[in-house]
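Colleague:
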Amino acid sequence: MATLPVPSVLPTPKPDLRATRAPSKDLYGIRMFLWRQRMWFESTFVLSMLEPWEKVLLLSILIFSSLLIVTALFKYLPHHLNVMHHRAVYYIWGQDGGGSVYFWQWVRLAKDAGDGVRGLFMDL
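In terms of my numbering, the sequence shown is numbered consecutively and its last residue is 894.
#1: If contacts are defined as beta-carbon pairs under 8 Å, then L828 and L838 qualify, I think. What distance do you get, rounded to the angstrom?
#2: Using the C-alpha atoms, what's the distance from K845 back to D786?
#3: I'd like the span of the alpha helix (DSSP H) that includes R857, first residue to last.
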């Protein structure tokens with residue numbers, strides 16, 4: 771029986787798992803930390819099951835969505851909080867604007883009512 775010659779250079783095995791190997795012992799430190807973070811991220815989002823083009827597509831969608839949310843938080847949230855504040859003032863005090871004036875009038879009324887109650891107990 772004749773045996774087939776083995777080529778000197780073999781192709782990389784499929785699937786190529788070189789990216790999942792831990793860094794060598796002489797390169798510990800920050801590389802080990804980064805490798806652990808990468809493995810945690812890939813296993814959390816099951817990126818290890820995806821092909822490279824699927825990873826790029828998924829991460830692009832994730833980054834784009836995150837940018838939209840951050841933009842909304844910094845650009846639109848302050849205005850929305852201001853609108854909600856004005857609505858709350860209107861619903862609480864019955865008029866738009868000047869909510870702090872009405873608040874202090876209410877506090878003064880509550881204080882005066884409390885003085886009347888204290889006056890009742892002073893007579894005892």
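We treat Cβ as the ideally placed atom computed from N, Cα and C, and that holds for glycine.
Modeller: The short version:
#1: Against the sequence shown, residue 828 aligns to sequence position 58. Against the sequence shown, residue 838 aligns to sequence position 68. Not a contact, Cβ separation roughly 16 Å.
#2: The count along the sequence shown starts at 1 and reaches residue 786 at position 16. The count along the sequence shown starts at 1 and reaches residue 845 at position 75. For D786 and K845, the distance between alpha carbons rounds to 44 Å.
#3: Locating residue 857 in the sequence shown gives position 87, counting from the first residue. 847-863 is the extent of the alpha helix (DSSP H) around R857.
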